[in-house]
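Protein chains in written order, with my numbering: chain H, 20 to 187; chain U, 17 to 153.
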């Protein structure tokens, strides 16, 4: 009589299945991106009727005008867009209380306006970077939250949107 | 005298076959409970580009206004008229005083419509705005 071999039940090792499922989960967690809104933040002035007019010295205002043709005038003088950054930076260094006022024509191209605003933001970012290097010896993005607030307070962004001439 | 152990000859094993099911249950739970607000954008627009951009940390605060290439304005899921913005935004601001209005405006737009919207927002006292832009490389 032949000796029958005892059957061993075949088994697939399933202990690592959980790891595979986890891997799947992690993959989807990492790969999912919600569209993050990026852009240039700004605070509008309150409605004209509700606040009294605050008088600001003429010398504390830098007037930026973007006309319908897309030309930029700073205090009445024609300026190219890449020049804005350095010019504004120097002006703020001379007068830290400077308010930059932007005025546009109704026919001005929106992307041109954004370009100008972008240059202004870059100028302020440069100033903040310089300030944080001077005071903390570190780059602005390496500072902790409190220090960043401190720098922001030291160099506030003063961009004003000029009152439009006529409202439709 | 020698005692023979009766039990403990076999290695005890925790049955792990159902672990993946547990994990899958977890995935399913998260999938079901996550709600993502997706807007149905009815206007066609291409955002302008800028370098000095920042992220909005708190998405809950944001509400959007779209302006398409054809000049149509959309708020939430509806196409609205310019003057409706005051009411809508005023209501939003009452619900959430720190609302940030993100303006998604086509790059070829004229400033006229932007100025008009900004004037309406000022009337509604929704003053924190954000010009939505793409990253310029």
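The beta-carbon is built from N, C-alpha and C at its ideal position, and this holds for glycine as well. None of these values were measured; they are calculated from a predicted model.
Can you tell me which of 64/U, 66/U, 32/U, 76/U puts its alpha carbon nearest to the alpha carbon of residue 53/H? Here residue 53/H corresponds to residue number 34 of the first chain, with the count starting at 1. With distances taken between Cα atoms, residue 53/H lies closest to 76/U.
Please state the DSSP three-state secondary structure of residue 70/U. Looking up residue 70/U in the second chain gives position 54. Strand.
Below 8 Å CB to CB, which residues in the same chain sit around residue 39/U once its five sequence neighbours on both sides are set aside? Counting from one through the second chain, the residue named residue 39/U turns up at place 23. A distance below 8 Å between beta-carbons, with the five flanking residues on each side excluded, links residue 39/U to no residue of its chain.
Closer than 9 Å between beta carbons: that is the criterion. Which residues of the segment 56-80 of chain U meet it against chain H? 63, 64, 65, 66, 67, 68, 69, 70, 71, 72, 75, 78, 80
Could you work out which residue in 111/U, 70/U, 85/U is closest to residue 57/U when comparing CA atoms only? Locating residue 57/U in the second chain gives position 41, counting from the first residue. Residue 85/U is the option with its Cα nearest to residue 57/U.
Residue 81/H - DSSP class collapsed to helix/strand/coil: Indexing the first chain from 1 puts residue 81/H at position 62. Here residue 81/H sits in strand by DSSP.
So, using beta-carbon positions, are residue 47/U and residue 132/H closer together than 8 Å? Here residue 47/U corresponds to residue number 31 of the second chain, with the count starting at 1. Here residue 132/H corresponds to residue number 113 of the first chain, with the count starting at 1. No, they are not a contact pair.
Could you check if residue 34/U is buried or exposed, using at least 16 other CB atoms within 10 Å of its CB as the buried criterion? Taking the second chain and counting its residues from 1, the one referred to as residue 34/U is at position 18. Counting Cβ neighbours within 10 Å, residue 34/U comes out exposed, since fewer than 16 surround it.
Who pairs with residue 65/U in a beta bridge, going by DSSP? Along the second chain, one-based indexing puts residue 65/U at 49. 150/U.
To the nearest angstrom, how far is the alpha carbon of residue 192/H from that of residue 45/H? What the structure shows of chain H is the stretch from 20 to 187, and residue 192/H is not part of that stretch, so it cannot be assessed.
What are the residues that DSSP puts in a beta bridge with residue 126/U? Translated into the one-based positions of the second chain, residue 126/U becomes position 110. Looking at the DSSP assignment, residue 126/U forms a beta bridge with 128/H.
On the DSSP bridge assignment, give the partners of residue 55/U in chain order. If you number the second chain from 1, residue 55/U lands on position 39. BP columns for residue 55/U are empty, so no partner.
If you compare alpha carbons, which of 160/H, 83/H, 123/H is closest to residue 106/H? As a first step, residue 106/H is located in the first chain; it is residue number 87 there, counting from the start. Among 160/H, 83/H, 123/H, the Cα nearest to that of residue 106/H belongs to 83/H.
Would you verify that the beta carbon of residue 99/H is, or is not, closer than 8 Å to some beta carbon of chain U? For this step, residue 99/H is matched to residue 80 along the first chain. It does not: the Cβ of residue 99/H has no partner Cβ on chain U nearer than 8 Å.
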